[in-house]
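Asks:
Protein chains in written order, with the UniProt record's numbering: chain A, 1 to 563; chain B, 1 to 563.
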């Protein structure tokens, strides 16, 4: 049979999830998967500081916001050639927290920290804060031991200590955090999270330093969306696994489309702020049509133009005898369309103050362009915009099923063209949303190794007294032994945004760059993919044998372009 | 990079799909995957007939409908111990057709037929009819050669020759089929399909025999739904792969549910007529709640009772601190609920003749029980029932998103209980439909081997002069070498149904048996799964290493129970 019990041995705290969990054969085999380390982490190393850093934007404001941290150098780990030895008498107390949405590999970051402490700082203690940053504020934690961690090695999910979306923001909350780290006598805290969480990590580091507290803070780049990256942080963990899971499914519906010859599969993919996932999946699978939000925004396209773009290709394909296809749509598409944003802003205003009469007199309050757009929308979407509002009365953009909206608009446009004698094919749209199933898959070998190195490096950075850095592992297209390891000043990734009249520090989300190698590669191929069927089916993620150690395409292309 | 071009060499006909296709690394590696054969097929064998057969029901009527075939014995292949040698001068002309929806492994059935002919009947020709049974009627075919077939070995989909849902039914259509097999001088035809297609195959076999035509017909059991099976046909191909793909996704959302602690994932699974897929996925993953259509029907449950069953468990879990979970729902659930069928019948009647007034006076025409049910349904579903009708004006049951309907009804019931002080948790439903992504995945090692053996056996049965049999490979839980091979009389699987006053032969769909080992196993575990979290994450299908050769649970349990 394919399952076996995993004992949770002498774990000191109760695991929220996997106490005496039953594992599949693949899960069990992953427990024993050996994790390679970059060679610099396998021998003795020293930390070498780089030049003083600046900021991604508005350095003067960042300097004011982070007076204790601004300008600090990034750090590189450099092998000394000596035999590694633990630093005598340097046992540490470290806390770790998972922040925000899940990404495959989070458990391996924790394993990496733990193993570093076990191997290089004997006698250390690692606490896991439960349920995200709220666990820090409420001092809810569990001591992580060998037995506790074991069942989570190379496993998906964040359920070892769970995550949460709270932020440590108010003075009161900072005070709670201070109390917790003091009570636990923490030398360090590792924050595993996305752009917001790493900004928060840097604010904590600044705060602890300002108060001359000993607790240091190191961040780790996590998000399946792939929008937390920079020159020093080539990718966020989880992106590789999630994209491969989605690409497996996309490849399957491509084969389905070609086999039946009668469906257009409209696939919406997770990733609201940036379209990296959609671009990566396109590079992996070669769909007929791919919408990239950043391009739609840059070209200031209207919804009608997006619809026409899709419809034009469907018509061309019908002429060639193909009445099927696959279309990738980023979850955040409509957030990138200026006129939709304008319409929603006007609707929010109207809905807040006016009655929506059945005769539609209220529509006169819309600006002309917005009224046209509203009338252009399928009726189901119109109703959704008017009826489904959040507790503040605002339109719930996130609830709009963009893929169904596009199917409906394309249907209408095709019927128009049919009546004009410009289209004689047949069209059946089939909608899909691939999202939640990608956030918690078993991490690929790449994500498993990458996360382990990130965690191990975070341990080393804390051990050497660093704070306010994000764990940075580079040269990721080379074999693991050749990966570089270091820490990047979080302030160097920051810019400011003005909110409520005040400057707030932010790590800007990395958007798809239209001048970047991945987009250029995609743009050079898409016309061929549109008309010819160049589908690729990546198949299920493999842990052994061919394909088991592939790195994602965008990373290969980005790093290749930089070289 | 992870892709490579696959040459299509000297293929004689154009492939609808994969001419010069670009393949992923995993796809390419699957091309070279060696296919083991049952040992009886590797040596010389003879065909041994069993006793005369009967029918699954109404043998007298079946005998009348199949005067030339009824009662014929099933056949077993038995090793002779001699060295295999091709039968001199026995080159065959064989046609093959894919019928109905896709199932992973169809290409390997064709590869198996082809390889049998190559190895045991040199000089044979294999034609592939294009686009399903319509290809037979219109005589659209392609000659299948070594080069043509190569790129499809162990690949998912049906795109080698594509499939279709047409049936050969009318006298005119039978005549077209006769003309095609005569024109191509076919010795045999292999029909790869589900229950309907195999019934059709038997009618063709009877017809050809009745007209003293030489063309013999052999069926192969295909459907991801798993509802074509009998004692001699332990499973249909594709079921294993599809269930493993769905179970991978279910395992992932389970980990997601446990990690966030705030979602109830309602997962609808493909399989309208029977709930085998849902049951298999439940056995693989241990969800908190699983609905099995056959049980709902047997207990004559109402929609309210189904809703209460779910809600009760959600409330119990909330008391234990679990505000999350995973719920599996078979696609055909509402077809199993008698009162829903009654409501839909009444609605079809009313919608055909009456005006649906906004005030709801029309509702008085519903019987009391149906009116209660209608009022119980969420508004969105009410609207869907009234508005979305098929070209005949009938309610489109298949379009109802059962998982969203249940979320809405559970929400309402939970709010009621909250107001009564009986529930204090928080509930967020997240809907999923896993369907199309499972029909065309790369076949598992099991399906790859099973299909190859089915095809190879079909070749052997035709070669030995058999007709009206379904290729049957048994002992499937043993290693491939020990699998048994034979053919089962299609008439033995049949019963009759009265349609328009006439008896029609049908292979009855195999439903989930509530007395069968898989359901009993599930039923013995579900109360524990409901309250405790026994989630298993099967992970992605592996082609190498641990888990690569697992057989599905229902098959193991059914065969184990028989032994």
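Ideal Cβ placement from N, Cα and C applies to all residues, glycine included.
Keep in mind the model is a prediction, meaning the values are calculated, not measured.
According to the neighbour-count rule (16 or more other Cβ atoms, all chains shown, within 10 Å of its Cβ), is residue 547/A buried or exposed?
Replies: Walking along the first chain from the start, residue 547/A turns up at place 547. Buried: at least 16 other Cβ atoms inside 10 Å.
Asks: Decide if residue 527/A is buried, meaning its Cβ has at least 16 other Cβ atoms within 10 Å, or exposed.
Replies: Mapped onto the first chain, residue 527/A falls at position 527. With fewer than 16 other Cβ atoms within 10 Å, it is exposed.
Asks: Check each candidate in 421/B, 469/B and 533/B and name the one with the smallest Cα separation from residue 206/B.
Replies: Counted from its first residue, the second chain places residue 206/B at position 206. The shortest Cα separation from residue 206/B among 421/B, 469/B and 533/B belongs to 469/B.
Asks: If contacts are defined as beta-carbon pairs under 8 angstroms, then residue 77/B and residue 47/B qualify, I think. What distance do you get, rounded to the angstrom?
Replies: For this step, residue 77/B is matched to residue 77 along the second chain. For this step, residue 47/B is matched to residue 47 along the second chain. Confirmed, about 6 angstroms.
Asks: Which residues in the same chain as residue 210/A place their Cβ atom closer than 6 angstroms to its Cβ, once the five residues preceding and following it in sequence are excluded?
Replies: To locate residue 210/A, count along the first chain from 1; it is residue 210. Only 68 meet the Cβ criterion.
Asks: Residues of the region 259-275 of chain B with a CB closer than 9 angstroms to any CB of chain A: list them in chain order, please.
Replies: For the region 259-275 of chain B, which is checked against every Cβ of chain A, the residues closer than 9 angstroms are 259, 260, 261, 263 and 265.
Asks: If we call anything under 8 angstroms between Cβ atoms a contact, is residue 154/A one with residue 31/A?
Replies: As a position in the first chain, residue 154/A is number 154, starting the count at 1. As a position in the first chain, residue 31/A is number 31, starting the count at 1. A contact, by the Cβ cut-off of 8 angstroms.
Asks: I need the straight-line Cα distance from residue 134/A to residue 542/A, nearest angstrom please.
Replies: The residue you call residue 134/A lines up with position 134 of the first chain. The residue you call residue 542/A lines up with position 542 of the first chain. In a straight line, the C-alpha of residue 134/A is about 36 angstroms away from that of residue 542/A.
Asks: Chain B beta carbons: is any one of them nearer than 8 angstroms to that of residue 534/A?
Replies: Counting from 1 along the first chain, the entry for residue 534/A is found at position 534. It does: the Cβ of residue 534/A has a partner Cβ on chain B nearer than 8 angstroms.
Asks: Suppose contacts are defined by Cβ-Cβ distances below 8 angstroms. Is residue 230/A in contact with residue 489/A by that definition?
Replies: Here residue 230/A corresponds to residue number 230 of the first chain, with the count starting at 1. Here residue 489/A corresponds to residue number 489 of the first chain, with the count starting at 1. No, they are not a contact pair.
Asks: Could you have a look at residue 153/B and say whether DSSP puts it in helix, strand or coil?
Replies: By one-based count along the second chain, residue 153/B stands at place 153. In the structure shown, residue 153/B sits in coil (DSSP, three-state: anything other than H, G, I, E or B).
Asks: Could you name the residues of chain B that residue 544/A contacts, counting a contact when the two beta carbons are closer than 9 angstroms?
Replies: Position 544 of the first chain, counting from 1, holds the residue named residue 544/A. The contacting residues are 542, 543, 544, 545, 546 and 548.
Asks: Tell me the residue span of the alpha helix (DSSP H) that contains residue 501/B.
Replies: Locating residue 501/B in the second chain gives position 501, where the first residue counts as 1. Per DSSP, residue 501/B belongs to no alpha helix (DSSP H) and is neither H nor E.
Asks: Closer than 8 angstroms between beta carbons: that is the criterion. Which residues of the region 220-253 of chain A meet it against chain B?
Replies: So the list reads 245, 248, 249, 251, 252 and 253, given in the order they occur along the chain.
Asks: Please list the terminal residues of the continuous beta strand (DSSP E) segment that includes residue 40/A.
Replies: Taking the first residue of the first chain as position 1, residue 40/A is located at position 40. Element bounds for residue 40/A: not the beta strand (DSSP E) but the alpha helix (DSSP H), 39-42.
Asks: In or out: residue 213/B buried (at least 16 other Cβ within 10 Å) or exposed?
Replies: Along the second chain, read from residue 1 onward, the residue named residue 213/B stands at position 213. So residue 213/B counts as exposed.
Asks: What is the C-beta distance between residue 189/A and residue 204/A, in whole angstroms, given that I count them as a contact (C-beta under 8 angstroms)?
Replies: The sequence position of residue 189/A within the first chain is 189, counting from 1. The sequence position of residue 204/A within the first chain is 204, counting from 1. Correct: roughly 7 angstroms between the Cβ atoms.
Asks: Nearest chain A C-beta to residue 180/B closer than 8 angstroms, yes or no?
Replies: Here the question's residue 180/B lines up with position 180 in the second chain. No, no contact with chain A.
Asks: Find the residues of chain B that neighbour residue 522/A, judging by a C-beta separation of less than 7 angstroms, and give them in chain order.
Replies: To locate residue 522/A, count along the first chain from 1; it is residue 522. By Cβ distance, chain B contributes nothing, its closest Cβ being about 14 angstroms from residue 522/A, past 7 angstroms.
Asks: For the region 288-306 of chain A against the region 223-240 of chain A, do three or more pairs of beta-carbon atoms, one drawn from each stretch, fall closer than 8 angstroms, so that the two count as touching?
Replies: No: fewer than three Cβ pairs fall under 8 angstroms.
Asks: Are the beta-carbon atoms belonging to residue 550/B and residue 25/A less than 8 angstroms from one another?
Replies: For the purposes of this step, residue 550/B is taken as the residue at position 550 of the second chain. For the purposes of this step, residue 25/A is taken as the residue at position 25 of the first chain. Cβ atoms of residue 550/B and residue 25/A: closer than 8 angstroms.
Asks: Determine which residues of the region 146-166 of chain B have a Cβ less than 7 angstroms from any Cβ of chain A, and write them out in chain order.
Replies: Against chain A - using a Cβ distance shorter than 7 angstroms - the residues of the region 146-166 of chain B are 156, 157, 158, 159, 162 and 163.
Asks: Taking only beta-carbon atoms, is residue 15/A less than 8 angstroms away from chain B?
Replies: As a working note, residue 15/A is residue 15 in the first chain. Here the model assigns residue 15/A a pLDDT of 44, short of 50, so the residue's position is not dependable and the matter cannot be decided.
Asks: At least one CB of chain A closer than 8 angstroms to the CB of residue 441/B: is that the case?
Replies: As a working note, residue 441/B is residue 441 in the second chain. True, the Cβ-Cβ gap to chain A drops below 8 angstroms.
Asks: Residue 25/B versus chain A: which residues are under 7 angstroms apart at the beta carbon?
Replies: Against the second chain, residue 25/B aligns to sequence position 25. Under the 7 angstroms cutoff, chain A gives 546, 547 and 550.
Asks: Using a Cβ-Cβ distance cut-off of 8 angstroms, determine whether residue 40/B contacts chain A.
Replies: Reading the second chain from its first residue, position 40 is the one you call residue 40/B. Taking Cβ atoms only, chain A never reaches closer than 8 angstroms to residue 40/B, which makes this a no.
Asks: I'd like the list of long-range same chain contacts for residue 403/B, defined as Cβ closer than 6 angstroms, with 5 residues on each side in sequence excluded.
Replies: Looking up residue 403/B in the second chain gives position 403. Around residue 403/B: 266, 268, 329 and 431.
Asks: What in chain E is Cβ-close to residue 255/A, meaning under 7 angstroms?
Replies: In the displayed structure, chain E is absent; the protein chains listed are A and B.
Asks: I'd like the list of long-range same chain contacts for residue 389/B, defined as Cβ closer than 8 angstroms, with 5 residues on each side in sequence excluded.
Replies: Here residue 389/B is taken as the residue at index 389 of the second chain, counted from 1. The residues are 351, 395 and 396.
Asks: Can you give, in chain order, each stretch of the alpha helix (DSSP H) that sits fully within the region 50-74 of chain A and has at least 4 residues?
Replies: Entirely contained in the region 50-74 of chain A, the alpha helix (DSSP H) runs reaching 4 residues are, in chain order, 59-65.
Asks: Using the rule of at least 16 other Cβ atoms within 10 Å of the residue's Cβ for burial, across every protein chain shown, is residue 383/A buried or exposed?
Replies: What you label residue 383/A is simply residue 383 of the first chain in a count that begins at 1. Counting Cβ neighbours within 10 Å, residue 383/A comes out exposed, since fewer than 16 surround it.
Asks: In chain order, what residues of the region 175-201 of chain A put their CB closer than 8 angstroms to some CB of chain B?
Replies: Answer in chain order: no residues at all.
Asks: Checking 8 angstroms against the spacing of the C-beta atoms, do residue 94/B and residue 462/B come in under that value?
Replies: By one-based count along the second chain, residue 94/B stands at place 94. By one-based count along the second chain, residue 462/B stands at place 462. Going by C-beta atoms, residue 94/B is nearer than 8 angstroms to residue 462/B.
Asks: Compare the C-beta of residue 109/A against all C-beta atoms of chain B and say whether one is closer than 8 angstroms.
Replies: Against the first chain, residue 109/A aligns to sequence position 109. Chain B, which has no Cβ nearer than 8 angstroms to the Cβ of residue 109/A, makes this no.
Asks: Per the DSSP calculation, residue 489/B is bridged to which residue(s)?
Replies: Indexing the second chain from 1 puts residue 489/B at position 489. According to DSSP, which records beta bridges pairwise, residue 489/B is partnered with 469/B.
Asks: Can you tell which of 287/B, 439/B, 299/B and 301/B has the C-alpha that lies nearest to the C-alpha of residue 313/B?
Replies: One-based indexing of the second chain puts residue 313/B at position 313. Nearest option by C-alpha distance: 287/B.
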